[in-house]
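Encoded as structure tokens, the structure appears first; notes follow it.
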Amino acid sequence: MNLECGDAFERENAEWIRNNLPTYEAVWRQFIGNAGNNRMLPMHGLHPELEKRRKAFSQAHYSLAVYCFQLDKSFKKAATSVGEIGGPTALHRDLELLRKVVTLIGSIRDMLKQIDESLKLNGSLYGPLQEFYVIRSALLHGPQPPHCYVDGLLKLPKFAGINPKRGEWDDKQDWENVDICSFVYFSDFCDELKNSFHQLLNRQTPQIFDGADRLFGTSVSSQNDASVFPITQSSGSADPLLQGSSGRHSC
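In the working numbering, the protein residues as written are -3 to 247.
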């Protein structure tokens, strides 16, 4: 059983998921699966409390992949279209995209927190992402960050995390007290944010399989014959997300 037996999102983006979330398919195959009609494959003999945790875990795990996919699309857009032309309109466009990026990062952190709580990982899964959550909070709830243009390209300060470093900006600082020499080009800022977040995410996600294995102690793949769940295409839009549904319609 592989992602080609998943729902529309998983089928259509199976290769992207394998390349960018390398532990997702193994977790899905062992502990979630797809029985169709928005349902996981059954895990027979599981205590009702553990089954409740498995449902919460599966929803957060699926949502994690969707948010990561959307984040990747936003980063690709940033790589080709932001920070190019000075002026208020371009600035607002660029900051709006950046706020979308950090909103998705926050959503990913929240899904990891739900997975962490479902699998009783005691904060080890999502805790290291707090650094990014601080940056998210500053951009969403603080004043507009200071900025400048050099040769028509937007520059911003580096944002402070949990432990601010010299030259970094947080939302409690006055604009005029920020050293403009510490600013970085917006494109470089986005590249660094993408690379550091992606590296941390891939260091954290292997915990998911181990945590699920410890908690559930069995697998859906050992209890269900994948051959009884043939792939069928759902009618209408190929992606249920476009219809306001994240259900698992195939298999």
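The C-beta atom is built at its ideal place from N, Cα and C for all residues, glycine as well.
Can you list, in chain order, the residues of its chain whose CB lies under 6 Å from that of R105, leaving out five sequence neighbours each side? Locating residue 105 in the sequence shown gives position 109, counting from the first residue. Answer for R105: Y122, L125, Y129, listed in chain order.
Excluding five sequence neighbours on each side, which residues of the same chain lie with their C-beta closer than 8 Å to the C-beta of I158? Residue numbering aside, residue 158 sits at position 162 when the sequence shown is read from its first letter. Cβ within range, chain order: Q126, E127, V130.
Using CA coordinates, which residue listed in N30, Q26, L87, L42 is at the minimum distance from F182? Here residue 182 is taken as the residue at index 186 of the sequence shown, counted from 1. Considering only alpha carbons, the answer is L87.
Considering Cα atoms alone, identify which of F155, N191, F5 is closest to V174. Indexing the sequence shown from 1 puts residue 174 at position 178. Measuring from the Cα of V174, the nearest candidate turns out to be F155.
With 16 as the cutoff for other CB atoms within 10 Å, does D147 come out buried or exposed? Here residue 147 refers to the residue found at position 151 when the sequence shown is read from its first residue. Flag for D147 reads exposed.
Exposure label - D170; buried when at least 16 CB within 10 Å: On the sequence shown, position 174 is the one that residue 170 refers to. Classification for D170: exposed.
Determine, using beta carbons only, whether L205 and A4 come nearer to each other than 9 Å. If you number the sequence shown from 1, residue 205 lands on position 209. If you number the sequence shown from 1, residue 4 lands on position 8. The amino acid at residue 205 is misidentified as Leu; the sequence shows Phe. No, Cβ-Cβ distance for F205 and A4 is not below 9 Å.
Is F71 helix, strand or coil when you go by DSSP? Start at 1 with the first residue of the sequence shown, and residue 71 comes out as number 75. Three-state result, F71: helix.
From S223 to T19, what does the alpha carbon distance come to, in whole angstroms? Residue mapping note: residue 223 aligns to position 227 of the sequence shown, counting from 1. Residue mapping note: residue 19 aligns to position 23 of the sequence shown, counting from 1. Since pLDDT at S223 reaches only 38, below the 50 mark, its modelled position is unreliable, and no value is offered.
The alpha helix (DSSP H) enclosing K96, as first and last residue numbers: Taking the sequence shown and counting its residues from 1, the one referred to as residue 96 is at position 100. Run containing K96: 84 to 115, per the alpha helix (DSSP H) assignment.
Leaving aside the five residues before and after A56 along the sequence, list all residues of the same chain whose C-beta is less than 6 Å from its C-beta, in chain order. Taking the sequence shown and counting its residues from 1, one reaches residue 56 at position 60. Answer for A56: M107, Q110, I111, listed in chain order.
Pull up the distance between the alpha-carbon of N33 and that of C1, whole angstroms please. Position 37 of the sequence shown, counted from the first residue, corresponds to residue 33. Position 5 of the sequence shown, counted from the first residue, corresponds to residue 1. So the alpha carbons of these two residues sit roughly 13 Å apart.
Take the Cβ of E172 as the centre, count every other Cβ of all protein chains shown within 10 Å, and call the residue buried at 16 or more, exposed below. Locating residue 172 in the sequence shown gives position 176, counting from the first residue. Exposed, by the Cβ-count rule.
Determine which residues share a DSSP beta bridge with F179 and list them. As a first step, residue 179 is located in the sequence shown; it is residue number 183 there, counting from the start. DSSP lists no partner for F179.
In chain order, what residues of the same chain lie with their CB nearer than 7 Å to the CB of V98, ignoring the 5 residues before and after it? To locate residue 98, count along the sequence shown from 1; it is residue 102. Contacts found: I131, R132, L135, L136.
Could you pull the start and end residues of the alpha helix (DSSP H) that L149 belongs to? Here the question's residue 149 lines up with position 153 in the sequence shown. It is not in any alpha helix (DSSP H) - L149 instead sits in the beta strand (DSSP E) that spans 149 to 152.
Would you kindly work out how many angstroms separate the C-alpha atoms of M(-3) and A52, rounded to a whole number? Counted from its first residue, the sequence shown places residue -3 at position 1. Counted from its first residue, the sequence shown places residue 52 at position 56. Those two C-alpha atoms are separated by around 22 Å.
Any idea what DSSP makes of V130, helix, strand or coil? For the purposes of this step, residue 130 is identified with residue 134 of the sequence shown, where counting begins at 1. Residue state, collapsed to three classes: helix.
8 Å contact criterion, which H153 and P141 should meet: CB distance rounded: Here residue 153 refers to the residue found at position 157 of the sequence shown. Here residue 141 refers to the residue found at position 145 of the sequence shown. Looking at the sequence itself, residue 153 is Pro, so the reference to His does not match. Cβ-Cβ separation between P153 and P141: approximately 6 Å, consistent with a contact (criterion under 8 Å).
Looking only at its own chain, which residues have a Cβ that is under 6 Å from the Cβ of S114, when we skip the five neighbours before and after it? Here residue 114 is taken as the residue at index 118 of the sequence shown, counted from 1. Cβ within range, chain order: R49, A52, F53.
Exposure of Q195, with buried meaning 16 or more beta-carbon neighbours within 10 Å: Translated into the one-based positions of the sequence shown, residue 195 becomes position 199. Exposed, since its Cβ has fewer than 16 Cβ neighbours within 10 Å.
Starting from the Cα of A74, find the closest Cα among E92, S178, M39, A61 and give me that residue. Taking the sequence shown and counting its residues from 1, the one referred to as residue 74 is at position 78. The residue with the shortest Cα to Cα distance from A74 is E92.
Between which two residues does the beta strand (DSSP E) carrying V146 extend? As a first step, residue 146 must be located in the sequence shown, where it is residue number 150. Start and end: 144 to 146.
L37 versus K168 - alpha carbon distance: Counting from 1 along the sequence shown, the entry for residue 37 is found at position 41. Counting from 1 along the sequence shown, the entry for residue 168 is found at position 172. In a straight line, the C-alpha of L37 is about 49 Å away from that of K168.
Length of the line joining the Cα atoms of R35 and E45: Locating residue 35 in the sequence shown gives position 39, counting from the first residue. Locating residue 45 in the sequence shown gives position 49, counting from the first residue. Answer to the nearest angstrom: the Cα atoms are 17 Å apart.
Which of helix, strand or coil DSSP assigns to G32: In the sequence shown, the residue the question calls residue 32 occupies position 36. The answer is strand: DSSP assigns G32 an E or B state.
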